[in-house]
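Those sequence lines, one after another, are chains B and W. Take any residue in the first sequence, note its place counting from 1, add 977, and you have its number in our numbering. Take any residue in the second sequence, note its place counting from 1, add 24, and you have its number in our numbering.
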Amino acid sequence: MRKRESKESDARYRGLLEAAPDAMVVVDQGGAIVLLNVQAEKQFGYRRDELIGQQVTNIIPVGFAERLIADGTRSAAEALSQHIGTGIELSALRKDGSEFPIEIMLSPLESAEGILVTAAIRDITVRRAAAEHLVRMEERYRGLLEAAPDAMVVVNTTGEIVLLNVQAEKQFGYRRDELLGQKVTSIIPLGFAERLVADAQRSEQDALEQQIGTGLELLALRKDGSEFPIEIMLSPLTSIEGMLVTAAIRDISARKKAEVHLQDKVDELRRSNQELTHFADIASHDLQEPLRMVSSFIQLLARRYKGKLDSDADEFIGYAVDGVTRMQRLLQDLLIYSRVGTKGKELIETSSERALSHALANLGRVIADSGAVVTHDPLPDVLADHIQLIQLFQNLVANAIKYQKPGVPIVHVSAAKGQGDEWTFSVKDNGLGIEPQYFDRIFGMFQRLHKREDFTGTGIGLAICKKIVERHGGCISVESQLDQGSTFRFGLVGSAS
Amino acid sequence: MTKGLIGDNGMPIQVLLVEDSPGDVRLTQEAFREANVAIQVHIASDGVEAMEFLRQQGRHAQSPRPDLILLDLNLPRMDGREVLAAIKADDGLKSIPTVILTTSEAEADIVRSYRLQANSYLTKPVQLDAFEGLVKSINDFWLTRAKLPKNWQRV
Chain B
978 MRKRESKESD ARYRGLLEAA PDAMVVVDQG GAIVLLNVQA EKQFGYRRDE
1028 LIGQQVTNII PVGFAERLIA DGTRSAAEAL SQHIGTGIEL SALRKDGSEF
1078 PIEIMLSPLE SAEGILVTAA IRDITVRRAA AEHLVRMEER YRGLLEAAPD
1128 AMVVVNTTGE IVLLNVQAEK QFGYRRDELL GQKVTSIIPL GFAERLVADA
1178 QRSEQDALEQ QIGTGLELLA LRKDGSEFPI EIMLSPLTSI EGMLVTAAIR
1228 DISARKKAEV HLQDKVDELR RSNQELTHFA DIASHDLQEP LRMVSSFIQL
1278 LARRYKGKLD SDADEFIGYA VDGVTRMQRL LQDLLIYSRV GTKGKELIET
1328 SSERALSHAL ANLGRVIADS GAVVTHDPLP DVLADHIQLI QLFQNLVANA
1378 IKYQKPGVPI VHVSAAKGQG DEWTFSVKDN GLGIEPQYFD RIFGMFQRLH
1428 KREDFTGTGI GLAICKKIVE RHGGCISVES QLDQGSTFRF GLVGSAS
Chain W
25 MTKGLIGDNG MPIQVLLVED SPGDVRLTQE AFREANVAIQ VHIASDGVEA
75 MEFLRQQGRH AQSPRPDLIL LDLNLPRMDG REVLAAIKAD DGLKSIPTVI
125 LTTSEAEADI VRSYRLQANS YLTKPVQLDA FEGLVKSIND FWLTRAKLPK
175 NWQRV
């Protein structure tokens, strides 16, 4: 009966032992293995009979047997209280000689054979690897943080600095321990902490969406009290400590300085440009006054004394009249040129067809005298300064008529819809044409391709056209072949309707 | 003598030209001569002198009352705008037609002159022919066609 009971309980224990998830090894005080389960066989690569009676140091060379001896000097109760529940990490040895990390839990049990020690042994290869991985990852992240070119400061939602990198130390002039736990307002007084509060009132998702990639420009404060401009990029991150905000902080002093420098340059350029246009305006206007005197009196001289002095005098006066007349025309054109910029009106919806008719009316006499045939397609409404558009058409049509071969000048004006609301206007003639190497030059100031005896002109007409078109945001170009006529094209923006 | 040489009262027509540029003075005189009108052109070379002439003060005590004033705007001492304002504020002078003859094409000058009751505003053309044409038309309109108050009708 007793024997049976003992057998039954034996079987029950054995069942328990075998069902345990860990390798179980029971060792006596002498360090000999008295019992083990199937998991232990598997883990160590031995058959059961190869281990029973063997010293436990065969499978756990260091750290276990010593403990047994130590325990032997203590009372069982002491040993018991000390060991239950403590996991010791040791190295285990398989039959094939390979090592693996284990965690071992000891629990002494008193038996008829004296105090035995049950060891639950867990292979922690995977866990160890995971832990090592974690450490490596953390090192890597720390490395990343430290290697970042920007100062990085991680702040919790109450505005306390929880992490920072070496760049942050450098930029703000603090040692790390001086900043950890401090309020972020001590280095960024305004604009950052407020944002954290605002973020706390928003959902994390909102905050996240709103802040990733947004650069804020703020002022930062060094330990020595000096201020410097920063650009700060925030990215919220959720951690076990709640939401944290990582701030990448860049010192933008140099950029700010460059910006200020650039702005100064722009201002300076604008000023000098203004002065220049003003100068051209004043100069051409004020120069006209004395020139009017020279011109008027030279003409009076010519009128009254022609044929009354000698032939040299007549010739000299003739050159003087010619020169002064040309000078007047130059000044007038220069004035028109400079006023394209200074006296231009707002660009409003304008009928380009009406502007062309206006220009043709102004050219009435030129057209009649030359017998030119000027035609046009229906033309669109565009955004333009009406007066300047008239001037543009007038100059181009006048040129088309002027630079002609013998015969009837034929000029056609058309417009083609381009991309979006762009219109490309064409003024096509059957005139002399232009050699390609002069295509760019003709739009420059005072550029002429013909001798004055052949064609009069100041060489400003096309420069004025270019300036008008550019003021309207377009480009002007020419396409031509010698003796094949020319087509001048320019772009204007159509009005919405 | 053709009509226009003599005013309705039988006296020669008197024009006061207020102009500081001797060249312009001479040009205007020549242009009036081209227009073949033997009018008497008096010259004041600045605004102060113009007012002295009109008010017969100082060395202008014996000056005649002009039938027409040609007034430049940019003048030393007292400029044309002030002269115009003074003339039109003076009951004795405001009936004299005052024509602005200037190089200024500024809209502000034009508006201001008419507000001050200038009788017309003319700009000096750059070309001699055009200038002569302008003086001729001043003569044709103001000194020939327009009926002006008689010289002795002082208020």
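Even glycine gets a Cβ: it sits at the ideal position worked out from N, Cα and C.
Using a Cβ-Cβ distance cut-off of 9 Å, determine whether Ile1189 of chain B contacts chain W.
Residue confidence is low: Ile1189 of chain B scores 49 on pLDDT, short of 50, so the model does not pin down where it sits. No coordinate-derived value is stated.
Specify the secondary structure class of Gln1458 of chain B as computed by DSSP and reduced to three states.
coil
Three-state secondary structure (DSSP) of Asn1407 of chain B
coil
Can you list, in chain order, the residues of its chain whose CB lies under 6 Å from that of Phe1402 of chain B, leaving out five sequence neighbours each side?
Ala1392, Phe1467
Val1470 of chain B to Ala1345 of chain B span [Cα, whole Å]:
32 Å
Runs of beta strand (DSSP E) lying entirely within the stretch 1190-1214 of chain B, each at least 3 residues, in chain order
1192-1198
List the residues of chain W that Gln1305 of chain B touches, going by C-beta distances under 7 Å, in chain order.
Val150
Three-state class that DSSP yields for Leu993 of chain B in the structure shown
helix
State the Cα-Cα distance for the pair Arg1119 of chain B and Arg1113 of chain B, rounded to the nearest angstrom.
10 Å
Decide yes or no for the touch test of the stretch 50-63 of chain W against the stretch 146-166 of chain W: beta carbon pairs closer than 8 Å, at least 3 of them.
yes
The alpha helix (DSSP H) spanning Met1129 of chain B covers which residue range?
Careful: Met1129 of chain B lies outside any alpha helix (DSSP H), inside the beta strand (DSSP E) at 1128-1133.
Grab me the residues of Ser144 of chain W's own chain with a C-beta within less than 6 Å of its C-beta, minus the 5 sequence neighbours each way, in chain order.
Val123
For His1110 of chain B and Leu1198 of chain B, I'd like the C-alpha separation in whole angstroms.
38 Å
Could you tell me which residues DSSP pairs with Gly1064 of chain B in its beta bridges?
B:Met1082
What would DSSP say about Met1220 of chain B, mapped onto helix, strand or coil?
strand
Is it true that the CB of Ala1375 of chain B sits closer than 9 Å to the CB of Gly1438 of chain B?
yes
Which chain W residues sit within Cβ distance under 7 Å of Leu1264 of chain B?
Going along chain W, no residue has its Cβ under 7 Å from Leu1264 of chain B, so there is no contact; the nearest lies around 11 Å.
8 Å contact criterion, which Val1161 of chain B and Gly1136 of chain B should meet: CB distance rounded:
5 Å
To the nearest angstrom, how far is it from the Cα of Leu1268 of chain B to the Cα of Ile1229 of chain B?
56 Å
Host beta strand (DSSP E) of Ala109 of chain W (start-end):
Element bounds for Ala109 of chain W: not the beta strand (DSSP E) but the alpha helix (DSSP H), 104-112.
Give a yes or no on whether the C-beta atoms belonging to Phe1149 of chain B and Lys1200 of chain B are separated by under 9 Å.
yes
DSSP on Ser1463 of chain B, reduced to helix/strand/coil?
strand
Other residues of its chain near Gly1436 of chain B: CB distance less than 6 Å, five sequence neighbours each side excluded:
Phe1423, Gln1424, Arg1425
Check the Cβ-Cβ distances between Leu1277 of chain B and every residue of chain W, and say whether any is below 9 Å.
yes
Mind checking if Ser45 of chain W is an interface residue toward chain B, Cβ cutoff 9 Å exclusive?
yes
At least one CB of chain W closer than 9 Å to the CB of Arg1269 of chain B: is that the case?
yes
Length at least 4, wholly inside the stretch 54-142 of chain W: the alpha helix (DSSP H) runs in chain order:
71-78, 104-112, 131-139
Ala1224 of chain B vs Val1130 of chain B beta-carbon contact at 9 Å:
yes
Assuming contact is defined by CB atoms lying nearer than 9 Å, are Gly1462 of chain B and Asp1406 of chain B in contact in what I supplied?
yes
Can you find at least 3 beta carbon pairs, one from the stretch 1330-1337 of chain B and one from the stretch 1407-1422 of chain B, that sit closer than 8 Å?
no
Check whether the Cβ atoms of Leu1358 of chain B and Glu1326 of chain B sit closer than 9 Å, and answer yes or no.
Residue 1358 of chain B is actually Asp in this sequence, not Leu. Going by C-beta atoms, Asp1358 of chain B is nearer than 9 Å to Glu1326 of chain B.
Listed in chain order, which residues of the stretch 117-129 of chain W have Cβ atoms closer than 7 Å to some Cβ of chain B?
Thr127
Would you say Glu106 of chain W reaches chain B, if we count a Cβ-Cβ gap shorter than 9 Å as a contact?
no
Out of B:Pro1038, B:Ser1084, B:Arg1044, state which residue places its alpha-carbon closest to the alpha-carbon of Thr1071 of chain B.
Note on residue identity: the sequence assigns Arg, not Thr, to residue 1071 of chain B. Here the closest residue by C-alpha is B:Pro1038.
To the nearest angstrom, report how far apart Glu1245 of chain B and His1255 of chain B are at their CA atoms.
15 Å
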